[in-house]
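Plus 3 on top of the position in the sequence shown (first one is 1) and you've got my numbering. Written out below as structure tokens is the structure these notes cover.
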Amino acid sequence: MKQPLTSTLTLLTCSLFSLPAYSSVATTPCHLATTPWLRLIVIATIFTLAILSVIWITFLRKQVTNKSLALKKSTERYKIIFNSISDAIVIHDAATGNILDINETMLDMTGYTRDEALHSLGILTQNKAPYSTKEAQRYIQKATQGEDQLFEWKIWRKDGTSFWCEVALKAHVINDQKVIIAVARDIEDRKKQADQLLHSHRMEAIGSLASGIAHDFNNILTGIFGYTELAILSKTDPQKLDEYLEEIYISGQRAKKLISQIQTFSKKHKSQKKPIQVASVVNEVLTLLKSSLPSTINITQNLQSTALIHADPTQLHQIILNLCTNSSHAMEDNKGTLSINLEDIVFNSSQIVGKHRLEAGKYIKLAITDTGHGIDPEITKHIFDPYFTTKAQGKGTGLGLAMVQGIVDSHGGAIEVQSQRDQGTTFTIYLPEIEPQEMPHDESNALPQPQENLVGGNETIMMIDDEAAIISSLSTILRRFGYTVHTFTEPTQALAAFSQNPEMYDLILTDMTMPKLTGAELTKQIHQKRPDIPIIITTGNTDTINRENAASLGISDYCAKPTSMQTLLTSVRQALDA
Numbered sequence: 004m005k006q007p008l009t010s011t012l013t014l015l016t017c018s019l020f021s022l023p024a025y026s027s028v029a030t031t032p033c034h035l036a037t038t039p040w041l042r043l044i045v046i047a048t049i050f051t052l053a054i055l056s057v058i059w060i061t062f063l064r065k066q067v068t069n070k071s072l073a074l075k076k077s078t079e080r081y082k083i084i085f086n087s088i089s090d091a092i093v094i095h096d097a098a099t100g101n102i103l104d105i106n107e108t109m110l111d112m113t114g115y116t117r118d119e120a121l122h123s124l125g126i127l128t129q130n131k132a133p134y135s136t137k138e139a140q141r142y143i144q145k146a147t148q149g150e151d152q153l154f155e156w157k158i159w160r161k162d163g164t165s166f167w168c169e170v171a172l173k174a175h176v177i178n179d180q181k182v183i184i185a186v187a188r189d190i191e192d193r194k195k196q197a198d199q200l201l202h203s204h205r206m207e208a209i210g211s212l213a214s215g216i217a218h219d220f221n222n223i224l225t226g227i228f229g230y231t232e233l234a235i236l237s238k239t240d241p242q243k244l245d246e247y248l249e250e251i252y253i254s255g256q257r258a259k260k261l262i263s264q265i266q267t268f269s270k271k272h273k274s275q276k277k278p279i280q281v282a283s284v285v286n287e288v289l290t291l292l293k294s295s296l297p298s299t300i301n302i303t304q305n306l307q308s309t310a311l312i313h314a315d316p317t318q319l320h321q322i323i324l325n326l327c328t329n330s331s332h333a334m335e336d337n338k339g340t341l342s343i344n345l346e347d348i349v350f351n352s353s354q355i356v357g358k359h360r361l362e363a364g365k366y367i368k369l370a371i372t373d374t375g376h377g378i379d380p381e382i383t384k385h386i387f388d389p390y391f392t393t394k395a396q397g398k399g400t401g402l403g404l405a406m407v408q409g410i411v412d413s414h415g416g417a418i419e420v421q422s423q424r425d426q427g428t429t430f431t432i433y434l435p436e437i438e439p440q441e442m443p444h445d446e447s448n449a450l451p452q453p454q455e456n457l458v459g460g461n462e463t464i465m466m467i468d469d470e471a472a473i474i475s476s477l478s479t480i481l482r483r484f485g486y487t488v489h490t491f492t493e494p495t496q497a498l499a500a501f502s503q504n505p506e507m508y509d510l511i512l513t514d515m516t517m518p519k520l521t522g523a524e525l526t527k528q529i530h531q532k533r534p535d536i537p538i539i540i541t542t543g544n545t546d547t548i549n550r551e552n553a554a555s556l557g558i559s560d561y562c563a564k565p566t567s568m569q570t571l572l573t574s575v576r577q578a579l580d581a
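What follows is the structure in structure tokens.
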């Protein structure tokens, strides 16, 4: 056993001292290997190397342990910070859009568990247009390409309710994987405050037009009174009588349309986007403006586009009316020209308009131009800033143009201004078009249908309204077309009569706003006694009820006042035949 060990030590020793283990002449081992003290040196060297190796391994292991502990602590700190931030944070896979991580704030906001949220995107979108998974992936793709994104988004909770968030997207690389970090901030309260400001500004605009609207109403009433008196004088001339009655009817339709515009513009409402034709909205706004602006201001219009956009009609009313009234104020001497031009435009590539980039596609271009005093370049830079105004104290809030830009932004469009001192101003708005759709027919000026085209019946109707003139006129129409009508001006009396004989009536026709009992309350009590009876609600106030919430109350149909004979008879027949 000693010989092999000796040989091994000899070879190792000779190697350490760079000596050959065997001489080039003889085959005897290196003579150093036979020296006892050298053996001790070799053994000591090996022992020292072994100890140093153990020390180095221990040191490395301690380093790894320390780094592991540091990484663990860092990860724990990251998780604590990640889950403690008041804003919701979601980390998306840049390639697929799937959620890789989500903080507790977002889970608390939405009601989902972490397991439900991970490896998917649909929980935050539920594919409800326009806040769909496809649209969300479009934003993620832009962020992946290096374009930081900032937008408003509606997020759905697990229970089906939703809330508004402001979302920022930015691309990062984590552990060699490209990700998109989304930071979402709940702006529900901010949206409500913005809606209140929007409503206040609409009322301010209506107030500025009040005298003009009153003037227009007086013109309509003058026509109604005049043609009514002419009709009375023409009892013996059927041709003239028909002519005057038609004029009275047309004047009444004008008044109805004007009231409808004021109601639409002034009422508080939730933003509801739908396909609308911009040209029709411009015409409605011009109807109001022509009544209120001085006759010395010439209004010209060139509406070449019939395209549709996906927009909130009330908000579209507001931005057009706001820009037009601002233009009229700019013509301080009450002389000048206000021009409204509308046309289609196609961008073959993305364009920078104002502060926004518009993608390639079809747009409507709405330009509002005045010949007023113009705007200085230094002021032009700030006109869309909130609370910035050049008007005297008490004459303006400074929120008008900021709101205009906010509305345009929320519709995926852009706005820009061009102006020179003493040479007028042009505001240009671009809004994305949508595919053509069938639009409802406008019957605002249609004459009553001939009686032979209207259908009546022989059923029994209970009619309730606290206005005697309405009871008289509508019940007369219904009786003329064969119906039996029992009328009431007190809803409590009508309910008592119905309770005595529920099977007597085939249909209930009731007003919405009445003393002691509303139409909705009356409907509920009647349906408790007889759930199958059809009920039609009439109302002159669309804030209290509309077609959507009428259906939720179990009401067969909803008729807005003033109700035409054709609308009344059609609604009654359809409800009875359903």
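In this text, a Cβ means the ideal position worked out from N, Cα and C, and glycines have one as well. Here the structure is a predicted model, which is why all the values come from computation and not from measurement.
Can you round the beta-carbon distance between residue i and residue j to whole angstroms, since I take them to be within the 8 Å contact cut?
{"i": "Val176", "j": "Asp96", "result": "The pair is not a contact, with the Cβ atoms about 12 Å apart (cut-off 8 Å)."}
{"i": "Asp104", "j": "Ile88", "result": "Actually they are not in contact, since the Cβ atoms of Asp104 and Ile88 sit about 13 Å apart, beyond 8 Å."}
{"i": "Ile322", "j": "Val411", "result": "7 Å"}
{"i": "Asn305", "j": "Asn344", "result": "5 Å"}
{"i": "Gln426", "j": "Gly357", "result": "That pair is no contact at about 20 Å."}
{"i": "Arg160", "j": "Thr113", "result": "5 Å"}
{"i": "Leu341", "j": "Ile300", "result": "6 Å"}
{"i": "Gln152", "j": "Ala146", "result": "5 Å"}
In or out: residue i buried (at least 16 other Cβ within 10 Å) or exposed?
{"i": "Thr566", "result": "buried"}
{"i": "Ala36", "result": "In this prediction, Ala36 has a pLDDT of 46, which is less than 50 and means its spatial position is unreliable; nothing more can be read from the coordinates."}
{"i": "Ile58", "result": "exposed"}
{"i": "Glu362", "result": "exposed"}
{"i": "Ala53", "result": "exposed"}
{"i": "Met507", "result": "exposed"}
{"i": "Tyr81", "result": "exposed"}
{"i": "Phe501", "result": "buried"}
{"i": "Gln318", "result": "buried"}
{"i": "Ala578", "result": "buried"}
{"i": "Arg257", "result": "buried"}
{"i": "Ala120", "result": "buried"}
{"i": "Pro494", "result": "buried"}
{"i": "Ile658", "result": "Shown here, the chain extends from 4 to 581; a query on residue 658 therefore has no answer."}
{"i": "Trp156", "result": "buried"}
{"i": "Asp379", "result": "exposed"}
{"i": "Pro435", "result": "buried"}
{"i": "Asn351", "result": "exposed"}
Taking 7 Å as the limit between beta carbons, can you name the residues of its chain near residue i, skipping five residues before and five after?
{"i": "Ser237", "result": "Lys243, Leu244 and Tyr247"}
{"i": "Pro518", "result": "Asp469"}
{"i": "Ala471", "result": "Thr492"}
Which of the three DSSP states is assigned to residue i in this structure?
{"i": "Arg64", "result": "helix"}
{"i": "Asp445", "result": "Residue placement at Asp445 is flagged as unreliable, the pLDDT there being 49, under the threshold of 50; the coordinate-derived value follows with that caveat. Asp445: coil per DSSP, three-state reduction."}
{"i": "Arg188", "result": "strand"}
{"i": "Thr30", "result": "Low per-residue confidence applies at Thr30: pLDDT is 44, beneath 50, and the placement is therefore not dependable, though the value from the model is reported in the following sentence. In the structure shown, Thr30 sits in coil (DSSP, three-state: anything other than H, G, I, E or B)."}
{"i": "Val93", "result": "strand"}
{"i": "Ile536", "result": "coil"}
{"i": "Ile158", "result": "strand"}
{"i": "Asn305", "result": "strand"}
{"i": "Pro316", "result": "helix"}
{"i": "His489", "result": "strand"}
{"i": "Gly339", "result": "strand"}
{"i": "Tyr508", "result": "coil"}
{"i": "Asn221", "result": "helix"}
{"i": "Ile432", "result": "strand"}
{"i": "Ala98", "result": "coil"}
{"i": "Lys564", "result": "coil"}
{"i": "Phe228", "result": "helix"}
{"i": "Thr147", "result": "helix"}
{"i": "Phe484", "result": "coil"}
{"i": "Asn344", "result": "strand"}
{"i": "Pro278", "result": "strand"}
Quick one: residues in its chain with C-beta nearer than 8 Å to the C-beta of residue i, no 5 flanking neighbours on either side, listed in chain order?
{"i": "Tyr486", "result": "Gly459, Gly460, Asn461, Glu462, Thr463, Ile464 and Val575"}
{"i": "Val28", "result": "Legend: pLDDT at Val28 = 40, less than 50; position of this residue unreliable, no value from coordinates given."}
Quick one: give me the first and last residue of the beta strand (DSSP E) that residue i is part of.
{"i": "His359", "result": "His359 to Leu361"}
{"i": "Ile371", "result": "Gly364 to Asp373"}
{"i": "Gln423", "result": "From DSSP, Gln423 is part of no beta strand (DSSP E); its letter is neither H nor E."}
Near residue i, what residues of its chain come up, given a Cβ to Cβ distance below 6 Å and the 5 sequence neighbours on each side ignored?
{"i": "Ala187", "result": "Ala91, Cys168 and Val170"}
If you follow the alpha helix (DSSP H) that residue i is part of, which residue opens it and which one closes it?
{"i": "Phe166", "result": "Run containing Phe166: none in the alpha helix (DSSP H); it sits in the beta strand (DSSP E), Ser165 to Ile177."}
{"i": "Glu119", "result": "Arg117 to Ala120"}
{"i": "Leu579", "result": "Met568 to Asp580"}
{"i": "Pro297", "result": "Careful: Pro297 lies outside any alpha helix (DSSP H) and carries neither H nor E."}
{"i": "Met465", "result": "Not the alpha helix (DSSP H): Met465 falls in the beta strand (DSSP E), residues Thr463 to Ile467."}
Considering only heavy atoms of the ligand PLP, does any lie closer than 7 Å to the CB of residue i?
{"i": "Thr299", "result": "Among the ligands in the structure shown, none appear at all, so the ligand PLP cannot be discussed."}
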